Amino acid sequence: MKILFTFPGQGTQRLGMLQKLPQDGDIMARVRTVLGDEADTLDTEDALKHTRAVQLCLLIAGVACAEELKRNGVQPDMVCGLSIGAFPAAVVAGVLSFEDALRLVALRGDLMEQAYPQGYGLTAITGLQLNQVERLVEGSGTYIANINAEQQIVIAGRNEEMAAVAQKALASGAQKAKQLAVSVPSHCELLAEPALKLQQAFADITLNRPHCTYLSGSTARVAWQPEQIAEDLALNMSRTVRWRDAMIAANERDVRLAIEMPPGSVLTGLTRQAFREGEMVCAENNSVGVLQRLTERAKAAR
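Numbering-wise (the numbering used here), the sequence shown opens with residue 1 and increments by one.
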């Protein structure tokens, strides 16, 4: 039985989310070394209106929680992140340093927001199959962005065009069609150019072979070579997220305990829909002691 750490993407952020980080580490001091005074305002209301701050917050929160768990004996056999979540996953797997991740994620957020400063985003459609949503987006100017679960598909594009597709989805029997708290059209060809610019930035970064399994949330495939992971990290902003396929792949690789890093529990629910067997929990709603006991039980089952 293996243990998976999952890391969420944009839309899960909330005001003040960095105020409850584990106190054992020095993570915010390390953030200040790279970002300076910006570190003190990242999770404020004004800052969280911007993609850069949101993505940095998710990186910091994910790494802080995962490192605390590791200090307490909860070690992952596999990591996987949704969208920006791939960066804290790579840090925790030892692929790149936290400091390099901060610089890359700051650049990633800037590139995405500069490309589409307003009027674009993501909308989640719940209750329809992928083929149904594909028919709705055809010719609409929108794109399939995330295949999160069998009946949760996210589309990307201009706000007005997404709203039109959302209305059609509801008329076709969708349970819900909600625009997400994401201000850029992630995971489609609209971000192909910013993705290539980010890929160029990896030329100056030293990456290492992961010390645990790195599972891509975009391709649903395992990557071990640093250059493969660099490509996955750089280009995932323009690639469709295939979270459902990734979680099926994890379950098939004997993962039976999935622990979601903060913030929130969105991935826990999505993972539960994909796993045939196993336990799914979010770190935010469980004490370290509970997670230690679940880990010990997982180890005993090996």
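Cβ atoms here follow ideal geometry from the backbone N, Cα and C, with glycine treated the same way. On a predicted model such as this, the values are computed, not experimentally measured, just so you know.
Residues in its own chain within less than 6 Å of Val-308 by CB, not counting five upstream and five downstream? Since the displayed the chain opens at 1 and closes at 302, residue 308 lies outside it and no answer follows.
Three-state secondary structure (DSSP) at Ala-156? strand
How far does the beta strand (DSSP E) with Met-280 in it extend, from its first residue to its last? 279 to 282
Check the DSSP bridge columns for Val-241 and list the partner residues they point to. Asn-146
Taking the alpha helix (DSSP H) that Ala-258 falls in, what are its first and last residues? From DSSP, Ala-258 is part of no alpha helix (DSSP H) but of the beta strand (DSSP E) over 255 to 260.
Only counting runs of 3 or more residues, tell me where the beta strand (DSSP E) segments fall wholly within the stretch 183 to 250, in order along the chain. 213 to 215
Assigned exposure category for Gln-114 - 16 Cβ within 10 Å defines buried: exposed
Which same chain residues end up closer than 8 Å to Ala-101 when comparing Cβ atoms and leaving out the 5 residues on each side of it in sequence? Leu-59, Val-63, Phe-87, Pro-88, Ala-90 and Val-91
Option in Arg-52, Ala-258, Val-255 and Ile-144 with minimal Cα separation from Ser-238: Ile-144
Can you grab the Cα-Cα spacing for the pair His-50 / Met-112, in whole Å? 10 Å
Is Asp-43 buried or exposed, if buried means 16 or more other CB atoms sit within 10 Å of its CB? buried
With burial defined as no fewer than 16 other Cβ atoms inside 10 Å of the residue's Cβ, what is the status of Pro-314: buried or exposed? The structure shown does not extend to residue 314, since the chain is modelled only from 1 to 302, so the question has no answer here.
Residue range of the beta strand (DSSP E) that includes Thr-126: 120 to 126
According to the Cβ coordinates, are Thr-126 and Gln-175 closer than 8 Å? yes
Do you know whose CA, among Ala-47, Asn-251 and Gly-73, lies nearest Asp-110's CA? Ala-47
Take the Cβ of Gln-152 as the centre, count every other Cβ of all protein chains shown within 10 Å, and call the residue buried at 16 or more, exposed below. buried
May I ask you to report which of helix, strand or coil DSSP gives Thr-6? strand
Are the Cβ atoms of Leu-207 and Leu-96 separated by less than 8 Å? yes
Separation of Gln-200 from Gln-75, as counted between CA atoms: 32 Å
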